[in-house]
Every structure is written in C-alpha cells, then in structure tokens.
Amino acid sequence: MSSAWENFFAATVVLASAGPIKHRLAEAFREHLADLEEEELPREIRDEYTSLSSAMCCVRPMKGETAIQATVRKMSDSEAGGCAVRIVGMLGVLARLQAAQRAPKLRAVGED
Numbered sequence: 418m419s420s421a422w423e424n425f426f427a428a429t430v431v432l433a434s435a436g437p438i439k440h441r442l443a444e445a446f447r448e449h450l451a452d453l454e455e456e457e458l459p460r461e462i463r464d465e466y467t468s469l470s471s472a473m474c475c476v477r478p479m480k481g482e483t484a485i486q487a488t489v490r491k492m493s494d495s496e497a498g499g500c501a502v503r504i505v506g507m508l509g510v511l512a513r514l515q516a517a518q519r520a521p522k523l524r525a526v527g528e529d
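My numbering puts the sequence shown at residues 418 to 529.
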C-alpha cells in the first residue's frame with residue numbers, strides 16, 4: 418500500500434501547486450496515477466479509482482494529444498476540481514488505512 422500512498426501523495430502535491438486546475442489535474446493523473454494497477458490498490462479505493470480512471474480517459478484524443486489531455490481539455494474547471502477532490506479523498510482513505518496498520522495493538526493483562 419505504501420507505493421499507492423506515495424503515488425496519491427505525489428499527485429496531491431501536483432494538485433496543490435500553482436497553475437490552472439486543468440493543467441495540474443492532467444499532470445497529476447498522467448505522472449502519478451494513470452499507470453497504477455487496480456490490484457495494487459486496497460479494495461477500499463479500487464472502485465473509486467476505476468471510476469476516476471475511466472472518467473479521465475473518456476474523450477478521443479486529437480492528433481498529438483493523449484486521451485487524458487483530451488478529456489481534461491473538455492472538462493469545465495468545476496469538473497476538473499471535482500476530479501481533484503476525488504484524488505485527495507482517495508489519499509485520505511489510504512492515509513487512514515496506513516495509520517490503522519501502524520496503530521499499536523493493546524492487550525489487557527491480569528494483575529499479579
């Protein structure tokens with residue numbers, strides 16, 4: 418899971434950088450999320466990732482552009498912002514899952 422967490426964190430850093438949201442979204446997804454395999458992801462975010470991935474590549478590209486670029490080009494700024502929120506939300510789920518794995522397990526012990 419740490420690899421997925423690292424990819425989503427890196428994508429979120431790009432989303433939080435300066436520049437137009439559509440450019441940041443296309444770069445974040447292309448550079449850090451597009452090549453993730455569904456099996457690499459925890460089941461808690463697989464459906465959301467698959468849905469986002471489909472939404473990010475649904476427009477047929479023109480010559481010289483990728484499906485991601487074409488799809489984001491056709492989005493409104495509000496739609497692009499919604500996709501960015503979905504990415505940050507998945508990072509939040511991954512962070513909670515990692516924290517739960519690291520939490521110390523307490524056990525009760527009897528008095529002597």
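Glycine included, C-beta positions come from ideal geometry on N, C-alpha and C.
Remember, predicted model here, so these are calculated numbers, not experimental data.
- Comparing alpha carbon positions, the residue from Pro459, Glu454, Gly436, Asp494 closest to glycine 509 is Pro459.
- Collapsing the DSSP output to three states places arginine 447 in a helix.
- Less than 8 Å separates the beta-carbon of tyrosine 466 from that of glutamate 455.
- Counting only runs of 4 or more residues that sit fully inside the region 465 to 496, the alpha helix (DSSP H) segments are 484 to 491, in chain order.
- Note on methionine 479: under 16 other CB atoms within 10 angstroms of its CB, so exposed under the neighbour-count rule.
- DSSP, read as helix, strand or coil, puts serine 434 in coil.
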